[in-house]
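Visitor: For reference, the structure I am asking about is given below.
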């Protein structure tokens, strides 16, 4: 359970940093309301939707940290036989990176108000994300073809489970991306479009980050890394 | 009034970003509503309905324990199904849904001075997915093989084996699917509660001016968002074990002389995941209760809450600590003794902020102008019950005491006192307190007092003897206790007595339900602020509050939520949205 605890520690650090800016040592019973005492909006200047997405991403991060924790705990048991990762996954990783880059371009374009480039960025991101999903399915087929079935070894089970969870999150993201694209073609208000594109990009970058983590985990580098950390500590 | 400074300089507190959805038809107004108040009522009604099912299940299992062998239809399988569904429904589908979905939805926007939740559409979806989860759960009663009988903790490997009711039928599949749906729905709602507290607050409503109810619900929601994924992961993995034959949790196992296809899985892994959710869950239910009780006590004792800052810090501390105590539910799983020592220590540490809260409630009552209204009675009953239940928690938090007691009725008594009775008492108190705001009418006083005394005294008569049974060594989870040496005649009598009390207390809840429905039309008119309370929900122009909550302009907040009996003020309470300084109230901390 160490991975999830480290993740929660990061969250706790963030919450602590935020709380330290909230005047938690104020004495509200002494702050009786004269006009000057009315503290202005101490809510964040960030758009509400971004904060909402941020909270959601924390939950998603929690979910994948828990999968990782479970992965490490199950890995320690004797019947674990790691499966060879298909080389196709490298290509998929590249495609997902491309998708994130395309969305980042869309963000830059929407800030400059170049609607044509926004549409181009959104389309590229959508298509590459779809290509990523197809690639993942092909990797699955390759593995099942080679006899690495879901139930035959826990390493396989985790591989399918974690990639499926990640794929489902991409699929959900594609739904949001689709709505944003519809807005981009039907002339949504510029500030609204800008917000949706930024939200999409934020989600995409996060899922790319999660994928890189998962990839490292499934390839076994994460375990090696943790072994090195453990040796350094002891 | 003394020394009132006019506040013309303050601009109105309109929030630009929230786009209020305006319903056009009866359907979008009352059924597929995006108004948090309607969603709150929907959540509460659904939770109450499914809670009634759980109440009936508890009667059935008490029939078996109190009068063993008398009722033929209660087979051991049926008994296990009753306890499983009773536990799961009460903890998740009633308590969590009612505190966060019900009270959270109703009170957060009104108390922070917002027109609605920040994502009303997602909020609506949250309720409908919750309803779907409840329906899936209920459908397992009608599935072949009946609901699962794995115990509410659903421990593998037994949860998905043929010896357990529902294990190889539909029961466990429906249970896991329902939990997964519940978690998805809750996440949608939870995002709303958190972000509304962060971003929806009206002008002047700093974090340190929030009523403690909002603090409690807010912190509990943050915890739930981080804890529920653990249950989600556990459910998904167990579902795969059951449906597709993987071996996440299932070890190599021989069943009825037949080798199952599972191999090498770890049941302990499930326990870690489950309790990583399960322990914060206790505080997910307790923190809103803490918050609500603080407000009830302050309002009905006409006195500012003692140590507001400490109360806030304690809520945050409890929230953080509750994530590092989970393995105290696993002392009997054969863990490393040092591990147990660590978790026993953290468990005892969490008693410190909790004790601070109890002291502060008592000190708030000290020399207060205590009105023994029904909400106040329930609040006082909560403090007593929580202390009683919490003290046995200190027993069970120690490894050496827990190991012999872990499988006895002592544990049943402990968690029913601290997590069952205590939060339910707060829920009742809160309903008597806020019902006038929701409906515009008061609940009937006589029926309410009857309900309180029977529930309070009855709950003690049910659960106190259980401690004694547990110390005698009477095990929990057993459907038949007749032929055991430890079951002396007096223990049997005690069991019958507990069962009869359970029926009486259950009957009192029917009186309460009658009161709820009857008073909608026939209750005394309440007016806008019957308790003379300070918080914003009592200052709405209409009662019940209409769509948009606050009429044309949002209130501006000038003070904290606890200005009761301020020296120099004309009345004994000053609402949060009244400008002007009075002589400073006595400093509470």
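Residue numbers (this note's numbering), protein chains in the order written: chain A, 1227 to 1460; chain G, 721 to 1309. Using N, Cα and C, we set each Cβ at its ideal position, and we do this for glycine too. Here the structure is a predicted model, which is why all the values come from computation and not from measurement.
In terms of alpha-carbon separation, which member of A:1299, A:1319 and A:1233 lies closest to residue 1362 of chain A?
Guide: Stepping through the first chain from its first residue, residue 1362 of chain A is reached at position 136. For residue 1362 of chain A, the nearest C-alpha among the options comes from A:1319.
Visitor: If you draw a straight line from the C-alpha of residue 1096 of chain G to the C-alpha of residue 1036 of chain G, how long is it?
Guide: Position 376 of the second chain, counting from 1, holds the residue named residue 1096 of chain G. Position 316 of the second chain, counting from 1, holds the residue named residue 1036 of chain G. Using only the alpha carbons, I get a separation of about 25 Å.
Visitor: Looking at the structure shown, is residue 1093 of chain G part of a helix, part of a strand, or coil, going by DSSP?
Guide: As a working note, residue 1093 of chain G is residue 373 in the second chain. Residue 1093 of chain G: coil per DSSP, three-state reduction.
Visitor: From the DSSP output, read off the bridge partner residues of residue 1128 of chain G.
Guide: Taking the first residue of the second chain as 1, we reach residue 1128 of chain G at position 408. Per DSSP, G:1195.
Visitor: Over the uninterrupted alpha helix (DSSP H) stretch that includes residue 1221 of chain G, give me the two end residues.
Guide: Within the second chain, residue 1221 of chain G is the residue found at index 501, counting from 1. Run containing residue 1221 of chain G: 1209-1242, per the alpha helix (DSSP H) assignment.
Visitor: List, in chain order, every chain A residue whose beta-carbon is nearer than 9 Å to that of residue 929 of chain G.
Guide: Indexing the second chain from 1 puts residue 929 of chain G at position 209. By Cβ distance, chain A contributes 1252, 1254, 1257 and 1265.
Visitor: Is any beta-carbon of chain A found at less than 7 Å from that of residue 965 of chain G?
Guide: For the purposes of this step, residue 965 of chain G is taken as residue 245 along the second chain, with counting starting at 1. Residue 965 of chain G counts as touching chain A.
Visitor: I'd like to confirm the pairing. Which residues does DSSP put opposite residue 1293 of chain G in its beta bridges?
Guide: Locating residue 1293 of chain G in the second chain gives position 573, counting from the first residue. The partner list for residue 1293 of chain G (beta bridge, DSSP) reads G:1284.
Visitor: Residue 1420 of chain A lies in the alpha helix (DSSP H); which residues open and close that run?
Guide: Sequence index remark: in the first chain, residue 1420 of chain A carries index 194 (1-based). Segment 1416-1445, the alpha helix (DSSP H) holding residue 1420 of chain A.
Visitor: Between the alpha carbons of residue 991 of chain G and residue 969 of chain G, how many angstroms are there, rounded?
Guide: Locating residue 991 of chain G in the second chain gives position 271, where the first residue counts as 1. Locating residue 969 of chain G in the second chain gives position 249, where the first residue counts as 1. About 10 Å.
Visitor: Assign residue 1087 of chain G to one of three DSSP states: helix, strand, or coil.
Guide: The sequence position of residue 1087 of chain G within the second chain is 367, counting from 1. Coil.
Visitor: Measure the Cβ-Cβ separation of residue 1351 of chain A and residue 1315 of chain A and say whether it is below 7 Å.
Guide: On the first chain, residue 1351 of chain A is found 125 positions in, with the first residue counted as 1. On the first chain, residue 1315 of chain A is found 89 positions in, with the first residue counted as 1. Against a cut-off of 7 Å, the Cβ pair of residue 1315 of chain A and residue 1351 of chain A comes out as no contact.
Visitor: Kindly give me the distance between the Cβ atoms of residue 910 of chain G and residue 947 of chain G, rounded to whole angstroms, as I take these residues to be in contact under 8 Å.
Guide: For this step, residue 910 of chain G is matched to residue 190 along the second chain. For this step, residue 947 of chain G is matched to residue 227 along the second chain. No, residue 910 of chain G and residue 947 of chain G are not in contact; Cβ-Cβ is about 11 Å, not under 8 Å.
Visitor: Starting from residue 1282 of chain A, find everything on chain G with Cβ-Cβ shorter than 8 Å and list it in chain order.
Guide: As a working mapping, residue 1282 of chain A is identified with position 56 in the first chain. The answer, in chain order, is 907 and 911.
Visitor: Taking 8 Å as the cut-off, does the region 1285-1297 of chain A touch the region 1434-1447 of chain A (at least 3 CB pairs, one atom from each stretch)?
Guide: yes
Visitor: Where residue 1203 of chain G and residue 963 of chain G are concerned, what is the direct C-alpha to C-alpha distance, given to the nearest angstrom?
Guide: Against the second chain, residue 1203 of chain G aligns to sequence position 483. Against the second chain, residue 963 of chain G aligns to sequence position 243. Between residue 1203 of chain G and residue 963 of chain G, the C-alpha separation is close to 38 Å.
Visitor: Quick check on residue 1257 of chain A: does DSSP put it in helix, strand or coil?
Guide: Translated into positions along the first chain, residue 1257 of chain A becomes position 31. Correct three-state label for residue 1257 of chain A: coil.
Visitor: Quick check on DSSP: helix, strand or coil for residue 979 of chain G?
Guide: Residue mapping note: residue 979 of chain G aligns to position 259 of the second chain, counting from 1. Note: residue 979 of chain G maps to strand in three-state DSSP.
Visitor: Can you tell me the Cα-Cα spacing of residue 1426 of chain A and residue 1416 of chain A, whole angstroms?
Guide: Position 200 of the first chain, counting from 1, holds the residue named residue 1426 of chain A. Position 190 of the first chain, counting from 1, holds the residue named residue 1416 of chain A. In a straight line, the C-alpha of residue 1426 of chain A is about 15 Å away from that of residue 1416 of chain A.
Visitor: At which residue ranges does the region 966-1025 of chain G contain complete alpha helix (DSSP H) runs of 4 or more residues, listed in the order of the chain?
Guide: 987-1020
Visitor: Residue 848 of chain G versus chain A: which residues are under 8 Å apart at the beta carbon?
Guide: Residue mapping note: residue 848 of chain G aligns to position 128 of the second chain, counting from 1. Correct list: empty, because the minimum Cβ distance to chain A is about 18 Å.
Visitor: Quick one: is residue 1278 of chain A near chain G, going by C-beta distance under 7 Å?
Guide: To locate residue 1278 of chain A, count along the first chain from 1; it is residue 52. Residue 1278 of chain A counts as touching chain G.
Visitor: Suppose you measure from the CA of residue 978 of chain G to the CA of residue 1356 of chain A; what does that come to, to the nearest Å?
Guide: As a first step, residue 978 of chain G must be located in the second chain, where it is residue number 258. As a first step, residue 1356 of chain A must be located in the first chain, where it is residue number 130. Straight-line Cα distance between these residues: approximately 45 Å.
Visitor: Mind checking whether residue 1375 of chain A and residue 1383 of chain A have CB atoms under 7 Å apart?
Guide: The residue labelled residue 1375 of chain A in the question sits at position 149 within the first chain. The residue labelled residue 1383 of chain A in the question sits at position 157 within the first chain. No, the Cβ-Cβ distance between residue 1375 of chain A and residue 1383 of chain A is not below 7 Å.
Visitor: Going along the chain, which residues of its own chain have a beta-carbon closer than 6 Å to the beta-carbon of residue 1343 of chain A, five neighbours each way excluded?
Guide: For the purposes of this step, residue 1343 of chain A is identified with residue 117 of the first chain, where counting begins at 1. Within the same chain, and ignoring the five residues on either side of residue 1343 of chain A in sequence, the residues whose Cβ sits closer than 6 Å to its Cβ are 1335.
Visitor: Quick one: using the 10 Å Cβ neighbour count with 16 as the cut-off for buried, is residue 1205 of chain G buried or exposed?
Guide: The residue given as residue 1205 of chain G occupies position 485 in the second chain. With fewer than 16 other Cβ atoms within 10 Å, it is exposed.
Visitor: For the region 1286-1355 of chain A, list the beta strand (DSSP E) runs that are entirely contained and at least 3 residues long, ordered along the chain.
Guide: none
Visitor: Check whether the region 1048-1059 of chain G touches the region 1017-1035 of chain G, taking contact to mean three or more Cβ pairs, one atom from each stretch, closer than 8 Å.
Guide: no
Visitor: Going by beta-carbon coordinates alone, are residue 1132 of chain G and residue 1196 of chain G separated by less than 7 Å?
Guide: The count along the second chain starts at 1 and reaches residue 1132 of chain G at position 412. The count along the second chain starts at 1 and reaches residue 1196 of chain G at position 476. In contact: residue 1132 of chain G and residue 1196 of chain G (Cβ atoms closer than 7 Å).
Visitor: Could you check the C-alpha separation between residue 762 of chain G and residue 972 of chain G for me, to the nearest Å?
Guide: Numbered from its first residue, the second chain carries residue 762 of chain G at position 42. Numbered from its first residue, the second chain carries residue 972 of chain G at position 252. A direct Cα-Cα distance of roughly 46 Å separates residue 762 of chain G from residue 972 of chain G.
Visitor: So what's residue 1161 of chain G in DSSP terms, helix, strand or just coil?
Guide: Within the second chain, the letter at position 441 stands for residue 1161 of chain G. Three-state DSSP puts residue 1161 of chain G in a strand.
Visitor: Measuring only the C-alpha atoms, how far is residue 783 of chain G from residue 1216 of chain G?
Guide: Taking the first residue of the second chain as 1, we reach residue 783 of chain G at position 63. Taking the first residue of the second chain as 1, we reach residue 1216 of chain G at position 496. Distance between the alpha carbons of residue 783 of chain G and residue 1216 of chain G: 8 Å.
Visitor: Throw me the rounded Cβ distance for the residue 876 of chain G and residue 805 of chain G pair, which I believe falls under 8 Å.
Guide: Taking the first residue of the second chain as 1, we reach residue 876 of chain G at position 156. Taking the first residue of the second chain as 1, we reach residue 805 of chain G at position 85. The Cβ separation is near 18 Å, so there is no contact.
Visitor: Keeping to the same chain, check which residues put their C-beta closer than 6 Å to that of residue 777 of chain G; ignore five residues upstream and five downstream.
Guide: Taking the second chain and counting its residues from 1, the one referred to as residue 777 of chain G is at position 57. For residue 777 of chain G, where only same-chain residues beyond five positions count, the Cβ hits under 6 Å are 802, 805 and 806.
Visitor: Does DSSP put residue 1245 of chain G in a helix, in a strand, or in coil?
Guide: On the second chain, position 525 is the one that residue 1245 of chain G refers to. Of the three classes helix, strand and coil, the one that applies to residue 1245 of chain G here is strand, per DSSP.
Visitor: Cα-Cα, which of G:1027, G:1155, G:1166 and G:790 is closest to residue 1264 of chain G?
Guide: The residue you call residue 1264 of chain G lines up with position 544 of the second chain. Of the candidates G:1027, G:1155, G:1166 and G:790, the one whose C-alpha sits nearest the C-alpha of residue 1264 of chain G is G:1155.
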